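Novice: Below is the structure I would like to discuss, written out as structure tokens.
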Amino acid sequence: MPPSPFPKTLHPPFPPLSSSSQLHSQSRLSQVSSHIAPMAPTSFNAETVPQAPEDALFGLMAAFRRDTDPKKVDLGIGAYRDDNAKPWVLPVVKQAEDVLRKDPNLNHEYLPIAGLPEFTSASQKLVLGADSPAIKEKRITSLQTISGTGAVHLGALFLSKFYKTKSERTAYFSDPTWPNHFQIFSNVGISTQTYPYFSKQTKGLDFEGMIGSIKSAAEGSIIVLHACAHNPTGVDPTQEQWKEIANVIKEKKHFPFFDTAYQGFASGDLANDAWAIRYFIEQGFETCIAQSYAKNFGLYGERAGCFHFVTSPSSDAESTVSRVASQLAILQRSEISNPPAYGARIASTVLNDKELFAEWEANLRTMSGRIIDMRKALRSKLEEAGTPGKWNHITEQIGMFSFTGLTEQQVLKLREDSHVYMTKNGRISMAGLNTHNIDYFAKAVDKAVRATQ
Ligand SMILES: Cc1ncc(COP(=O)(O)O)c(C=O)c1O
262 MPPSPFPKTL HPPFPPLSSS SQLHSQSRLS QVSSHIAPMA PTSFNAETVP QAPEDALFGL
322 MAAFRRDTDP KKVDLGIGAY RDDNAKPWVL PVVKQAEDVL RKDPNLNHEY LPIAGLPEFT
382 SASQKLVLGA DSPAIKEKRI TSLQTISGTG AVHLGALFLS KFYKTKSERT AYFSDPTWPN
442 HFQIFSNVGI STQTYPYFSK QTKGLDFEGM IGSIKSAAEG SIIVLHACAH NPTGVDPTQE
502 QWKEIANVIK EKKHFPFFDT AYQGFASGDL ANDAWAIRYF IEQGFETCIA QSYAKNFGLY
562 GERAGCFHFV TSPSSDAEST VSRVASQLAI LQRSEISNPP AYGARIASTV LNDKELFAEW
622 EANLRTMSGR IIDMRKALRS KLEEAGTPGK WNHITEQIGM FSFTGLTEQQ VLKLREDSHV
682 YMTKNGRISM AGLNTHNIDY FAKAVDKAVR ATQ
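Numbered continuously in our numbering, the sequence shown closes out at residue 714.
Next comes the structure, spelled out in structure tokens:
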């Protein structure tokens, strides 16, 4: 007899069926199902709903979990890990959680549609700078969103409904970009294109290609830009290059859309990582900004983010912002009603407290500093070993990711021979490297590169 699912001391909630009544109910069931089957053919057969491919990154994570080799290395994950390859709860986040726990006025009521007001206003200051003219002149409106993804989506949805262009409205992304950009924009009916970004030769920025493509895009195109720590390449324009990008966007009357998912996480300096956005605002652009707190607060699962719309300086700027805000509120209401509170409360507690803010900046330097150390260590180990190829790009790139230049063949070899997991395009998450596995990884790369020469 199979073991009972109920503990011995407890009675099942219903008496066991005798075998004859079991038989009877089974035949009743098949009678009933044969009766209803022809009346309810699915509306979603394979032709209308084909099987979609698995998300490549989440598939990679599952393959890593299945691998039982103790030496396995996870370089796919886009989340910070400490020197023991463990998730890191920022000490400042623990302090903020303490503050929240002790607050006698805290409750679980709905937030307003636009989110926690002290969170959205602190988010504006964080991204634009506390003394930004756009804030002083009330040229900005902000809504709390489901992390950065929700912010990109809300912006794309708003543009799909309200942004009119003479020719077909198109969003341009860097080639390559965070793959979700394509899905988010095309899901709201905006067509997508790419501009060249990564040079395979230099493993740096293809600046000429980028500028040329933005120049030839139809007037009024949406140009999506990574504010810093470009994902997946780790390659950012210099300040001089940003100025030229801004000139071309202005000349062509394009609409810049910033995605900022790594402020402070990239260089350890919040103002430095927001430089490009602040420069565009200074130049008077109307723009959208999608801001994520997943990486810089380690609040991945709490989905804290913010969407900002900034209009250009003009006499009717305040009225524009008020109209846009009213429409954004309707879009938000129809999709999530109001955003989740916990992550935003943590971030807001830190952003609005001088001491906690300073502690957060120190935590950011810990994360970015460890990543920069790993970049230096990896480069010097590969150069010392004389691994074929050039490795200067490892330290020249910035942020969570590095586009190593490893080929798909080498990536597969690394996985098969050394249990190292990374995406097929050769991107590694620097956060997956640590003082315990860096030697092993550098040797594995050396072996894979030599074997495929
Ligand atoms: C460029 C970019 N944008 C947006 C996001 C959104 O992340 P989240 O929704 O977790 O905040 C990410 C995360 O990897 C990213 O790399």
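All C-beta atoms, glycine included, are put in the ideal place defined by N, C-alpha and C. Source: prediction; values computed, not measured.
Can you find the residues in the same chain that come closer than 7 Å, C-beta to C-beta, to L271, ignoring five residues on each side of it along the sequence?
Specialist: Position 10 of the sequence shown, counted from the start, is the residue given in the question as residue 271. Reliability of the predicted coordinates at L271 is poor, the pLDDT of 41 falling under 50, and the value obtained from them is presented with this limitation in mind. Excluding residues within five positions, none has a Cβ falling inside 7 Å.
Novice: Does the Cβ-Cβ distance between N345 and N695 come in under 8 Å?
Specialist: In the sequence shown, the residue the question calls residue 345 occupies position 84. In the sequence shown, the residue the question calls residue 695 occupies position 434. Yes, the pair counts as a contact, with Cβ atoms nearer than the cut-off.
Novice: Along the chain, which unbroken stretches of the alpha helix (DSSP H) at least 4 residues long are found entirely within the segment 511-586?
Specialist: Correct list: 531-534 and 536-543.
Novice: Once the 5 residues before and after F419 are set aside, which same chain residues still bring their CB inside 8 Å of it?
Specialist: Residue numbering aside, residue 419 sits at position 158 when the sequence shown is read from its first letter. Closer than 8 Å at Cβ, skipping near neighbours: C549, F570, V585, Q588, L589 and L592.
Novice: A395 bridges to which residues according to DSSP?
Specialist: Position 134 of the sequence shown, counting from 1, holds the residue named residue 395. In the DSSP output, where bridge partners are listed per residue, A395 has none listed.
Novice: Over the uninterrupted alpha helix (DSSP H) stretch that includes L415, give me the two end residues.
Specialist: On the sequence shown, position 154 is the one that residue 415 refers to. Looking at the DSSP string, the run of the alpha helix (DSSP H) that includes L415 is S408 to F423.
Novice: In the DSSP assignment, find the unbroken beta strand (DSSP E) run with Y433 in it and report its ends.
Specialist: Counted from its first residue, the sequence shown places residue 433 at position 172. Run containing Y433: T431 to D436, per the beta strand (DSSP E) assignment.
Novice: Judging by CA-CA distance, which residue of E547, R676, G666 and T402 is the nearest neighbour of G687?
Specialist: By one-based count along the sequence shown, residue 687 stands at place 426. The residue with the shortest Cα to Cα distance from G687 is G666.
Novice: Please look up how many angstroms separate the CB atoms of L415 and F568, rounded, as I've assumed it's under 8 Å.
Specialist: Mapped onto the sequence shown, residue 415 falls at position 154. Mapped onto the sequence shown, residue 568 falls at position 307. Contact holds; Cβ gap of about 5 Å.
Novice: Residues in its own chain within less than 7 Å of A507 by CB, not counting five upstream and five downstream?
Specialist: Residue 507 sits at position 246 when you count from the first residue of the sequence shown. Y540, F541 and Q544.
Novice: The beta strand (DSSP E) spanning V496 covers which residue range?
Specialist: Counting from 1 along the sequence shown, the entry for residue 496 is found at position 235. Element bounds for V496: n/a, residue is neither H nor E.
Novice: How is D316 classed by DSSP in three states: helix, strand or coil?
Specialist: Numbered from 1 along the sequence shown, position 55 holds the residue referred to as residue 316. Coil, per DSSP.
Novice: I'd like the span of the alpha helix (DSSP H) that includes Q356, first residue to last.
Specialist: Position 95 of the sequence shown, counted from the start, is the residue given in the question as residue 356. P352 to K363 is the span of the alpha helix (DSSP H), which, as asked, contains Q356.
Novice: So if I measure from each beta-carbon to every heavy atom of ligand 1 and keep distances below 5 Å, which residues remain?
Specialist: G339, S408, G409, T410, W439, N492, D520, A522, S553 and A555
Novice: Which residues in the same chain have their Cβ closer than 7 Å to the Cβ of P517, if we skip the five residues on either side of it in sequence?
Specialist: Taking the sequence shown and counting its residues from 1, one reaches residue 517 at position 256. Once the five neighbours on either side are set aside, the close Cβ partners of P517 are I484, L486, I510, F541, F546 and T548.
Novice: I'd like to know whether the C-beta atoms of Q400 and P574 end up nearer to each other than 8 Å.
Specialist: As a working mapping, residue 400 is identified with position 139 in the sequence shown. As a working mapping, residue 574 is identified with position 313 in the sequence shown. It is worth fixing the name first, because residue 400 is Arg in this sequence and not Gln. Yes, the Cβ-Cβ distance between R400 and P574 is below 8 Å.
Novice: Return the residue from the list G339, S580 and V360 that minimises the CA-CA distance to T572.
Specialist: As a working mapping, residue 572 is identified with position 311 in the sequence shown. Measuring from the Cα of T572, the nearest candidate turns out to be S580.
Novice: A340 to D614, Cα distance in whole Å?
Specialist: Against the sequence shown, residue 340 aligns to sequence position 79. Against the sequence shown, residue 614 aligns to sequence position 353. A340 and D614: Cα-Cα distance of roughly 26 Å.
Novice: Below 8 Å on the Cβ atoms is my contact criterion, and I expect K427 with E480 to pass it. Report the Cβ-Cβ distance as a whole number of Å.
Specialist: In the sequence shown, residue 427 corresponds to position 166, counting from 1. In the sequence shown, residue 480 corresponds to position 219, counting from 1. So it is a contact: roughly 7 Å between Cβ atoms.
Novice: Residues in the same chain with beta-carbon distance under 7 Å from K269, minus the five sequence neighbours each way, listed in chain order, please.
Specialist: The residue given as residue 269 occupies position 8 in the sequence shown. With a pLDDT of only 43 at K269, under 50, the local geometry of the prediction cannot be trusted, and no value is derived from it.
Novice: For E234 and A555, I'd like the C-alpha separation in whole angstroms.
Specialist: Because the chain is modelled from 262 through 714, residue 234 falls outside the range shown and cannot be assessed.
Novice: Closest to Y701 by CA distance: which of Q312, A301, T303 and P331 is it?
Specialist: Against the sequence shown, residue 701 aligns to sequence position 440. Comparing Cα positions, the closest option is P331.
Novice: Quick check on the DSSP output: the beta strand (DSSP E) that includes S474 runs from which residue to which?
Specialist: Position 213 of the sequence shown, counted from the start, is the residue given in the question as residue 474. Run containing S474: none in the beta strand (DSSP E); it sits in the alpha helix (DSSP H), F468 to S477.
Novice: Please state whether DSSP places P348 in a helix, a strand or coil.
Specialist: If you number the sequence shown from 1, residue 348 lands on position 87. In the structure shown, P348 sits in a strand (DSSP, three-state: E or B).
Novice: Could you check whether the Cβ of N695 sits closer than 7 Å to any heavy atom belonging to ligand 3?
Specialist: Of the ligands one can find in the structure shown, namely ligand 1, none is ligand 3.
Novice: Taking DSSP as the reference, what is the three-state secondary structure of T426?
Specialist: Here residue 426 is taken as the residue at index 165 of the sequence shown, counted from 1. Note: T426 maps to coil in three-state DSSP.
Novice: Go ahead and label A221 buried or exposed: buried means 16 or more other beta carbons lie within 10 angstroms of its beta carbon, across all protein chains shown.
Specialist: The displayed coordinates of the chain run from 262 to 714. Any statement about residue 221 would go beyond what the structure contains.
Novice: Give the DSSP-derived three-state secondary structure of T400 in the structure shown.
Specialist: Translated into the one-based positions of the sequence shown, residue 400 becomes position 139. The sequence given here has Arg at residue 400, not Thr. Residue state, collapsed to three classes: coil.
Novice: For R636, list the residues DSSP reports as bridge partners.
Specialist: In the sequence shown, counting from the first residue as 1, residue 636 sits at position 375. According to DSSP, R636 bridges with nothing at all.
Novice: Hey, A703 and K651 are a contact pair by Cβ (cut 8 Å); roughly how many whole angstroms apart?
Specialist: For this step, residue 703 is matched to residue 442 along the sequence shown. For this step, residue 651 is matched to residue 390 along the sequence shown. Not really, about 15 Å apart at Cβ, beyond 8 Å.
Novice: Taking 8 Å as the cut-off, does the segment 355-374 touch the segment 607-627 (at least 3 CB pairs, one atom from each stretch)?
Specialist: yes
Novice: I'd like the list of long-range same chain contacts for S482, defined as Cβ closer than 6 Å, with 5 residues on each side in sequence excluded.
Specialist: On the sequence shown, position 221 is the one that residue 482 refers to. If the five residues before and after S482 are omitted, its C-beta is found closer than 6 Å to the C-beta atoms of T431, Y433 and H515, all from its own chain and listed in chain order.
Novice: May I ask you to report which of helix, strand or coil DSSP gives H442?
Specialist: Taking the first residue of the sequence shown as 1, we reach residue 442 at position 181. Of the three classes helix, strand and coil, the one that applies to H442 here is helix, per DSSP.
Novice: Please state whether DSSP places Y458 in a helix, a strand or coil.
Specialist: On the sequence shown, residue 458 is found 197 positions in, with the first residue counted as 1. Looking at Y458 - three-state DSSP - the assignment turns out to be coil, as it is neither helix nor strand.
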